[in-house]
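According to this note's numbering, the sequence shown is numbered sequentially starting from 118. Cβ atoms here follow ideal geometry from the backbone N, Cα and C, with glycine treated the same way. Here is the structure we will look at.
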Amino acid sequence: MIKNISNLGDASVYCDFGSEVNENINSEVIKYFNYLSKLVKNKKIEGITNLSPSYNKLIISFDLSLTTFSNIKNSLEKIQIENEIKHQSKNIKIPVCCEDKYALDFDRLTKKLKLNKKEILNLYFSNEYFCYMTGFIAGMPFLGDLEKNIRCDRLETPRVKVPEGSVGITEQFANIYTFESPGGWNIIGQTPKKIFNQNEIENPALIKPGDRVTFYEITEKEFLNWNE
Numbered sequence: 118m119i120k121n122i123s124n125l126g127d128a129s130v131y132c133d134f135g136s137e138v139n140e141n142i143n144s145e146v147i148k149y150f151n152y153l154s155k156l157v158k159n160k161k162i163e164g165i166t167n168l169s170p171s172y173n174k175l176i177i178s179f180d181l182s183l184t185t186f187s188n189i190k191n192s193l194e195k196i197q198i199e200n201e202i203k204h205q206s207k208n209i210k211i212p213v214c215c216e217d218k219y220a221l222d223f224d225r226l227t228k229k230l231k232l233n234k235k236e237i238l239n240l241y242f243s244n245e246y247f248c249y250m251t252g253f254i255a256g257m258p259f260l261g262d263l264e265k266n267i268r269c270d271r272l273e274t275p276r277v278k279v280p281e282g283s284v285g286i287t288e289q290f291a292n293i294y295t296f297e298s299p300g301g302w303n304i305i306g307q308t309p310k311k312i313f314n315q316n317e318i319e320n321p322a323l324i325k326p327g328d329r330v331t332f333y334e335i336t337e338k339e340f341l342n343w344n345e
């Protein structure tokens, strides 16, 4: 349920679903995102140019030549989300190689968490993760929620380059770098699986908000010979 609707600049609407970050609130964000996307696709609402969901917010961008903030707000306030509008979530399994050359931050993590590498990985791989949002770089999934015992802050100095496919953790989230990018997450491994394929026009992102993800460990040989 949207708690507050406000202006964000000249041509965006800020929909606030609450201050907490949890699956229930994020599911509401995703529900509205999917419903509005359907309305835009079917041309039942005019002027919306982009929808950007996050953990507990939804930003709606619009064309000022076609509509106004008041029009969008009135439309939102009248919307009754249909019960049958549900995200068809997928269960996705991601292979991860955690050999030292791919797991860049275990020295830091073992000192910060007071756990050894095996203990950290056992907690990481035994959990199921919920995709709250994608962003920062194209298709990068933000996956919650990490076991409390392995939550750690970001690197004090971010890396200039994090390899594509790197799997990172910080605070309550895990993520996967879909392209080589700067970043400050704690890297615990790397996946050979393609998470974002820019050549796929319709569905370039493997993981979407609302999907559930589990990780499993593979050897370096499996990593190097991966052919999916």
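Distance from the Cα of MET257 is smallest, within the candidate group PRO280, LYS228 and ILE142, for PRO280. Residue burial is scored here from C-beta neighbours: ASP133 has fewer than 16 other C-beta atoms within 10 angstroms and is therefore classed as exposed.
THR336 has its alpha-carbon roughly 48 Å from the corresponding atom of PHE179. Rounded to the nearest angstrom, the Cβ distance from PHE332 to ILE237 is 12 Å, too far for a contact under 8 Å. Going by C-alpha positions, VAL277 is about 7 Å away from GLY300. Within the DSSP bridge table, the entry for LEU260 names CYS248 and ALA291 as partners. When rounded, the separation of the alpha-carbon atoms in LEU156 and ARG268 is 39 Å.
Here the alpha carbons of SER182 and ILE304 stand approximately 45 Å from one another. Contact annotation: VAL213 and VAL284 have beta-carbon atoms nearer than 7 Å. Of the residues assessed, SER192 falls on the buried side of the cut-off, its CB having 16 or more other CB atoms within 10 angstroms. In terms of Cβ geometry, LEU260 and VAL330 form a close pair [threshold 7 Å]. Within the same chain, PHE223 come within 6 Å of LYS234 by CB-CB distance, once the 5 residues on both sides are set aside. Taken atom to atom, the span from the alpha-carbon of PHE150 to that of LYS207 is near 17 Å. Nearest neighbour of LEU272 by Cα position, chosen from THR251, LEU226 and GLU245, turns out to be LEU226. Closest by C-alpha distance to GLU216, out of LYS338, TRP343 and ASN344, is LYS338. Sequence-distant partners of ALA220 (beyond 5 residues in either direction) whose C-beta falls short of 6 Å from its own C-beta, in its chain, are ILE305 and GLY306. Considering only ILE177, ASN320, THR295 and ASN141, the residue with the shortest C-alpha distance to ILE254 is THR295.
DSSP places SER169 in the uninterrupted beta strand (DSSP E) bounded by 165-170.
Residue pairing for GLN307: DSSP places it in a beta bridge opposite CYS214 and SER283.
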